[in-house]
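Below you'll find the structure, written out as structure tokens, and then a few comments.
2 protein chains.
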Amino acid sequence: MKQALRILRQLTLVAGFILAPALPASAADPLPSWNNTTPKKTIIAFVEKVTKQGSTDFVPVPERIATFDNDGTLWSEKPVPFQLIFAFDRVKALEPQHPEWKTQEPFASLLKGDMQGVAAAGEKGILDIMVATHTGMTTDEFTKEVQAWIATAKDPKSGRLYTEMVFQPMLELLAYLRGNGFKTFIVSGGGVEFMRPWTERVYGIPPEQVVGSAGKLKLEMSDGKPVLLKLPEVDLIDDKEGKPVGIQSRIGRRPIAAFGNSDGDLQMLEWTMAGSGARFALFVHHDDAKREFAYDRLDKMQQFSKGWDEAVIKGWTVVSMKDDWKIIYPPAR
Amino acid sequence: MKQALRILRQLTLVAGFILAPALPASAADPLPSWNNTTPKKTIIAFVEKVTKQGSTDFVPVPERIATFDNDGTLWSEKPVPFQLIFAFDRVKALEPQHPEWKTQEPFASLLKGDMQGVAAAGEKGILDIMVATHTGMTTDEFTKEVQAWIATAKDPKSGRLYTEMVFQPMLELLAYLRGNGFKTFIVSGGGVEFMRPWTERVYGIPPEQVVGSAGKLKLEMSDGKPVLLKLPEVDLIDDKEGKPVGIQSRIGRRPIAAFGNSDGDLQMLEWTMAGSGARFALFVHHDDAKREFAYDRLDKMQQFSKGWDEAVIKGWTVVSMKDDWKIIYPPAR
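If you read the protein sequences in the order shown, they are chains D and A.
The numbering used here runs 10 ahead of the 1-based position in the first sequence.
The numbering used here runs 10 ahead of the 1-based position in the second sequence.
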């Protein structure tokens with residue numbers, strides 16, 4: 011047996027030698043879209059120390075949990091989060107079944123293309139749109155709607171599919187972490203049923219590693235088959251204080267690394283950093299009006315202010331999209 | 011590159027050939043504690059067809075989700091579910107801090123060892139005991155209590171640790187499925203925070219693959235650090251209709267195989283079988299009074315009646331612990 015193992019080890023070395031020259035350049039640089047600035051160096055230093063056997067900072071593979079916010083951290087979230095555009099598109103698609111919407115706000119304004127009218131309806135108006143487009147159907151039906159939309163809907167300004175507005179440097183970071191034994195999770199304020207149909211294909215994150223906001227579900231029988239009905243009642247708001255709750259209730263292990271971009275992620279980063287041993291926290295700062303968007307302290311929807319202050323005080327990593335990233339989106343295919 | 015791959019493939023074949031004779035006998039029989047009866051044959055036939063490339067029943071690795079009930083399916087649940095014994099032991103440990111329990115039912119009866127008095131308090135009494143022992147502390151504090159208890163508490167009859175009252179044939183089944191690319195999950199009516207501290211060590215199932223009943227959590231600051239407080243409010247009852255809800259909300263993918271032992275698992279098995287493609291459903295029937303326990307249609311706590319009828323009608327697998335399993339528990343160490 012011992013001899014067999016030695017031969018196997020030798021064969022593996024030979025095989026590695028044969029394959030090595032054929033490997034892409036990225037094997038040498040795991041984060042090629044990151045400039046050689048502090049964030050990249052800090053990330054690599056962290057990964058190297060927690061994966062180094064015998065190091066005092068070593069973390070066993072099962073404990074290598076990394077959680078990522080989605081909107082603004084893995085893909086863009088401006089001018090409005092893409093799930094809201096999905097909801098608006100669903101209202102338009104459902105119009106024939108809802109003649110009452112012609113006179114009912116915020117639907118009437120939305121159907122006329124009057125976004126100021128929609129905005130005037132405030133949070134209550136947005137909630138009405140979400141309930142009308144995200145509840146009352148089965149989970150399977152909703153998944154099909156998301157799949158159809160995400161495969162075709164494009165951002166009018168860039169002309170890209172929304173799934174092409176993901177951040178190339180973050181895709182590399184996800185792959186780099188997974189290549190080092192990390193299990194990558196999404197922990198997002200976005201709807202869990204909206205994200206799961208495409209996160210595996212786009213980010214390599216399977217549905218069971220996606221935590222998000224959720225409505226209650228109810229098991230019913232339909233034509234002799236069980237279905238799960240999406241109810242208009244909140245189960246989890248996976249934002250701010252809800253993020254550690256989502257992490258504990260769905261993952262049950264404290265992450266050792268967490269990634270966000272706004273004050274809505276602050277509690278997740280605090281929860282992550284409050285554990286023992288080596289830990290890592292990073293905010294993506296949207297400061298690149300030319301290539302993406304620039305917003306932070308004064309933004310009404312995705313404010314980045316308290317989190318920024320705390321990151322500076324505590325020495326967490328803050329990524330400048332402008333200075334630290336070579337490109338924002340994946341190259342057009 | 012192509013040539014390198016061909017050489018690598020050849021080397022791998024050579025290595026496999028060298029190692030093959032040294033592999034343990036279990037490689038030939040992945041389920042050595044199962045008798046060669048129908049359940050074992052049915053399990054192996056299912057796994058072989060869904061893992062066979064090119065077969066019409068082939069299921070890609072990411073879709074190979076298998077869910078297991080815990081109490082009565084992976085470990086014993088008699089005379090009462092072990093989590094209840096944990097709760098009783100906690101009441102005794104907490105007695106000094108609760109002088110009022112001396113006169114307050116069901117605590118007074120429990121502390122006197124009068125189990126009939128506890129039973130007389132009914133479901134409300136059990137709920138009071140659960141609230142008193144499972145809520146009001148942080149998740150970290152509760153985890154430590156579970157870890158201390160599970161490491162030492164023993165079943166008085168068998169003298170075994172509760173974690174040694176797991177079913178050896180099911181441990182083999184878990185390993186066999188994982189060896190074939192399945193991701194194994196627990197979906198149990200038991201408390202998620204009670205199971206997670208030990209399922210990885212005992213079953214090889216990490217915390218993030220454990221779904222269970224749960225109370226609500228609340229983020230608070232304690233000495234400048236965030237903690238999650240366990241509240242006396244229900245978040246999820248992961249039993250019966252709650253099991254498909256737990257699967258969808260926590261896993262987000264329909265299992266292709268599900269394993270249970272009582273009517274509380276029926277909806278999980280129905281949900282699993284209602285998907286398309288090859289699927290597998292199995293009930294463990296406790297019919298072995300000599301080596302474990304015998305209970306089914308007339309049992310008040312863990313009835314197995316509706317599920318049994320449906321399994322027979324639909325041709326699902328029903329395991330007789332007496333006839334299909336060579337041993338029940340792992341050999342004593």
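Ideal placement from N, C-alpha and C gives every residue a C-beta, glycine not left out.
Neighbourhood of D:GLY200 in chain A, by CB distance below 7 Å: empty, with the nearest CB roughly 13 Å away.
In summary, A:ARG289 is buried, with 16 or more beta-carbon neighbours lying within 10 Å of its beta-carbon over all protein chains present. Between the C-alpha atoms of A:GLU105 and A:THR143 there is a straight-line separation of about 11 Å. Between the alpha carbons of D:LEU137 and A:PHE192 lies a gap of roughly 39 Å. Within the segment 146-160 of chain A, those residues whose Cβ lies closer than 7 Å to any Cβ of chain D are, in chain order, THR149.
For D:VAL255, the closest Cβ of chain A is nearer than 8 Å. From the beta-carbon of A:ARG260, the residues of chain D found nearer than 7 Å are ARG260. In chain order, SER259 make up the part of chain A whose C-beta sits under 8 Å from the C-beta of D:ALA224. At a cut-off of 8 Å between beta carbons, D:LYS235 contacts chain A. Among the residues facing chain D, A:LEU241 is not included, as its CB has no counterpart in that chain under 8 Å away.
Unbroken beta strand (DSSP E) stretches of 3 residues or longer found wholly inside the segment 62-111 of chain D: 75-78, given in chain order. Taking the C-beta atoms as reference points, A:VAL221 is found nearer than 8 Å to A:PHE195. Within the same chain, and ignoring the five residues on either side of D:ALA224 in sequence, the residues whose Cβ sits closer than 6 Å to its Cβ are VAL202, ASP245, LEU246. Our two residues, D:ILE257 and A:PRO207, have alpha carbons roughly 15 Å apart in a direct line. Not flagged as an interface residue toward chain A: D:GLU320, since no C-beta distance is shorter than 8 Å. Chain D places no beta carbon closer than 8 Å to that of A:LEU276, leaving this residue out of the contacts. For the pair of segments examined, the segment 62-78 of chain D was found to touch the segment 275-295 of chain D: the number of CB pairs separated by less than 8 Å reaches three.
Taking a 10 Å sphere around the C-beta of A:SER232, we find fewer than 16 other C-beta atoms and assign the residue as exposed. The Cβ atoms of D:ALA76 and D:PRO265 lie closer than 8 Å to each other. By the criterion of at least three beta-carbon pairs nearer than 8 Å, the segment 162-169 of chain D is not in contact with the segment 177-186 of chain D.
The three-state reading of DSSP puts A:GLY214 in coil, since its state is none of H, G, I, E or B.
Taking 4 residues as the shortest admissible run, the segment 110-164 of chain A contains the following complete alpha helix (DSSP H) segments, listed from N- to C-terminal end: 117-122, 125-130, 132-144, 149-162. At a cut-off of 8 Å between C-beta atoms, A:PRO216 counts as an interface residue with respect to chain D. Under a criterion of Cβ atoms nearer than 7 Å, the residues of chain D adjacent to A:ALA284 are, in order, LYS235, PRO236. Proximity of A:TRP281 to chain D, defined by a Cβ-Cβ separation below 8 Å, is satisfied.
For D:LEU229, the C-beta contacts it makes with chain A under 7 Å involve GLU251, PRO254, VAL255, GLN277, in order along the chain. Under the DSSP assignment, A:ILE338 falls outside any beta strand (DSSP E); it carries neither an H nor an E label.
Contact of A:PRO72 with chain D by beta-carbon distance below 7 Å involves GLU210, PRO216. Inside the segment 180-234 of chain D, DSSP marks whole alpha helix (DSSP H) runs of 4 or more residues at positions 202-213, from first to last along the chain. Checking the DSSP bridge columns, you'll see D:ALA291 partnered with D:ALA268. Boundaries of the alpha helix (DSSP H) harbouring D:THR282: 276-283, taken from the DSSP string. Shortest Cα-Cα distance from A:PRO49 to any of A:VAL128, A:GLU302, A:VAL328, A:GLN114 involves A:VAL328.
Within the segment 65-92 of chain A, contact with chain D at the beta-carbon level (separation under 9 Å) is assigned to PRO72, ILE75. For the pair D:SER198 and D:ASN80, the CB atoms are nearer than the 8 Å cut-off.
Bounds of the alpha helix (DSSP H) holding D:VAL255 are 252-256. Counting C-beta atoms within 10 angstroms of its own C-beta, D:LEU308 has fewer than 16 neighbours from the protein chains shown and is therefore classed as exposed.
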